[in-house]
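To start, the structure itself, in structure tokens.
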Amino acid sequence: MMKQSSLPEAYSKAHLPSKVALAVSEKPDGSYNLITIEWFMRTSIHPPMFAISIGHSRYSYDCMQDVRYFNLVFPSEKQKELLSLAGSNSGREMDKFTAGGVKYFAGKLHKLPVLSDAVACFECEIVSQIRSGDHTIFIGEVKHSWKNEDEKLYYYQSK
């Protein structure tokens, strides 16, 4: 039977297992940053677009204000530890690519890293953004797409 609940209690019933992704951005010094995200979606077929939601307190938010590109990365099962590292540390204090031993090659759009062990990667140019409370939704037009047939998609599940 359906009954009224608090938002956190209701959401806890609906969001796991969930897809998670990584977003790659460029730091002001030209190196790269990673953030683990759960809030993303496809928003258009023609032209192809994805939207990602980034909190205003996050370093990635600052990075995307300066450099108007991001890569949306769908991680493989072997990237579980990287997801934890990227989601629990700030790029202000550490180089997550070095700390995580990330394997990558330069993408075609803005040379942002395409993660070699991921399932898929979409190189996006930010074409719009919308403030949504304490987050901003960045809308990126996909310019290049990559896939890895050898890997399986990672789904986050609680313990």
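Residue numbers for the sequence shown follow our numbering, so the first one is 57 and each next one is one higher. For every residue, glycine included, the Cβ atom is placed at its ideal position computed from N, Cα and C. Nothing here was measured: the structure is a model prediction, and the numbers come from that model.
Supposed close pair residue i, residue j - CB separation, criterion 8 Å
i: residue 96; j: residue 128; result: 6 Å
i: residue 195; j: residue 184; result: 4 Å
C-alpha distance - residue i paired with residue j, whole-angstrom precision
i: residue 136; j: residue 61; result: 32 Å
i: residue 107; j: residue 94; result: 11 Å
i: residue 192; j: residue 57; result: 36 Å
i: residue 190; j: residue 105; result: 22 Å
i: residue 165; j: residue 59; result: 49 Å
Cβ neighbour criterion (16 or more within 10 Å) applied to residue i
i: residue 186; result: exposed
i: residue 101; result: exposed
i: residue 154; result: exposed
i: residue 75; result: exposed
i: residue 150; result: exposed
i: residue 134; result: exposed
i: residue 157; result: exposed
i: residue 67; result: exposed
i: residue 152; result: buried
i: residue 64; result: exposed
i: residue 209; result: exposed
Of the residues the options, the one placed nearest residue i, counting alpha carbons only
i: residue 90; options: 139, 206 and 181; result: 139
i: residue 212; options: 65, 73 and 68; result: 73
i: residue 162; options: 151, 178 and 131; result: 178
i: residue 98; options: 84, 80 and 130; result: 130
i: residue 110; options: 81, 202 and 201; result: 81
i: residue 84; options: 77, 123 and 71; result: 123
i: residue 197; options: 173, 160 and 125; result: 125
Evaluate contact between the region 112-125 and the region 144-154, counting only Cβ atoms and requiring at least three cross-stretch pairs below 8 Å. The way I'd put it, the region 112-125 does touch the region 144-154; three or more beta-carbon pairs between them come closer than 8 Å.
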